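Visitor:
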Amino acid sequence: SSFTLDDLSLLYNTLRFHFLSATLATALLISLSTAYFTTRPRRVFLLDFSCYKPDPSLICTRETFMDRSQRVGIFTEDNLAFQQKILERSGLGQKTYFPEALLRVPPNPCMEEARKEAETVMFGAIDAVLEKTGVKPKDIGILVVNCSLFNPTPSLSAMIVNKYKLRGNIL
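Note that the sequence shown covers residues 1 to 171 in full-length UniProt numbering.
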């Protein structure tokens with residue numbers, strides 16, 4: 001069966017007499033196509049990843065950390081018992097890395113040290129993954145940054161965008 005001139009004439013007459021139906025059907029088709037193409041899942045490619053490896057001088061045992069916490073003299077016995085419980089149940093190994101601010105005697109847990117730690121960790125991991133993949137910062141379209149407690153101004157994501165000169169329209 002082939003499309004003939006009579007078929008074309010019949011189609012024209014049908015559309016001429018049912019213009020509203022044809023217009024609505026076309027609008028529906030365009031709307032459904034638009035909805036499909038805008039809501040379908042987009043591919044996201046993970047090219048590589050990197051974990052930050054701190055300097056070996058930041059390794060500390062649980063016992064050393066608890067000893068330093070006790071020597072500072074600002075924690076009650078209940079506080080120290082709670083810290084011990086957290087250390088045992090948190091999944092940290094016998095030797096783990098601690099922030100430089102907590103390893104100092106006396107500890108210096110301030111905003112400046114927290115920002116320094118965040119920059120060291122984030123920039124160290126990002127530098128490593130950019131080097132491994134060869135991706136240019138301008139080619140990055142999405143940036144996800146997560147931190148449960150530290151929420152500085154400017155934000156962690158703004159610090160990364162500014163340091164690596166990422167695009168202005170990054171998500």
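We treat Cβ as the ideally placed atom computed from N, Cα and C, and that holds for glycine. This one's a predicted model, so the numbers in the text were calculated from it and none came from an experiment.
Candidates Ile126, Lys85 and Leu15: which alpha carbon is nearest Cys51's?
Guide: As a working mapping, residue 51 is identified with position 51 in the sequence shown. The option with the nearest alpha carbon to Cys51 is Ile126.
Visitor: Could you have a look at Tyr97 and say whether DSSP puts it in helix, strand or coil?
Guide: For the purposes of this step, residue 97 is identified with residue 97 of the sequence shown, where counting begins at 1. If DSSP states are grouped into helix, strand and coil, Tyr97 belongs with the strands.
Visitor: Helix, strand or coil: which one does DSSP assign to Ile140?
Guide: In the sequence shown, residue 140 corresponds to position 140, counting from 1. In the structure shown, Ile140 sits in coil (DSSP, three-state: anything other than H, G, I, E or B).
Visitor: Taking the beta carbon of Val105 as the centre, do at least 16 other beta carbons fall within 10 Å, making it buried, or is it exposed?
Guide: Looking up residue 105 in the sequence shown gives position 105. When all chains shown are included, Val105 counts as exposed.
Visitor: Distance check for Ile30 and Val44, CA to CA, integer angstroms please.
Guide: Taking the first residue of the sequence shown as 1, we reach residue 44 at position 44. Taking the first residue of the sequence shown as 1, we reach residue 30 at position 30. For Val44 and Ile30, the distance between alpha carbons rounds to 26 angstroms.
Visitor: Pairing CB atoms from the stretch 62 to 73 with CB atoms from the stretch 88 to 107, are three or more of them under 8 angstroms?
Guide: Enough Cβ pairs lie closer than 8 angstroms, so yes.
Visitor: Looking at the secondary structure, which residues open and close the alpha helix (DSSP H) in which Ile126 lies?
Guide: Position 126 of the sequence shown, counted from the start, is the residue given in the question as residue 126. Met111 to Thr133 is the span of the alpha helix (DSSP H), which, as asked, contains Ile126.
Visitor: With C-beta atoms as the reference, is Val161 less than 8 angstroms away from Phe49?
Guide: Sequence index remark: in the sequence shown, residue 161 carries index 161 (1-based). Sequence index remark: in the sequence shown, residue 49 carries index 49 (1-based). Cβ distance not < 8 angstroms, so Val161 and Phe49 don't count as in contact.
Visitor: Just to confirm, are Ser157 and Leu143 a CB contact at a threshold of 8 angstroms?
Guide: In the sequence shown, the residue the question calls residue 157 occupies position 157. In the sequence shown, the residue the question calls residue 143 occupies position 143. Yes.
Visitor: Find out if the Cβ-Cβ distance for the pair Val135, Leu47 is shorter than 8 angstroms.
Guide: The residue you call residue 135 lines up with position 135 of the sequence shown. The residue you call residue 47 lines up with position 47 of the sequence shown. In this structure, Leu47 lies closer than 8 angstroms to Val135 by Cβ.
Visitor: Output needed for Lys163: all residues of its chain with C-beta closer than 7 angstroms, excluding positions within five of it in sequence on either side, in chain order.
Guide: For the purposes of this step, residue 163 is taken as the residue at position 163 of the sequence shown. Excluding residues within five positions, the ones whose Cβ falls inside 7 angstroms are Phe123.
Visitor: Can you tell me the Cα-Cα spacing of Asp55 and Leu171, whole angstroms?
Guide: Along the sequence shown, one-based indexing puts residue 55 at 55. Along the sequence shown, one-based indexing puts residue 171 at 171. The straight-line gap from Cα to Cα measures roughly 32 angstroms.
Visitor: Check whether the Cβ atoms of Gln94 and Leu80 sit closer than 8 angstroms, and answer yes or no.
Guide: As a working mapping, residue 94 is identified with position 94 in the sequence shown. As a working mapping, residue 80 is identified with position 80 in the sequence shown. Taking 8 angstroms as the Cβ cut-off, Gln94 and Leu80 do not qualify as a contacting pair.
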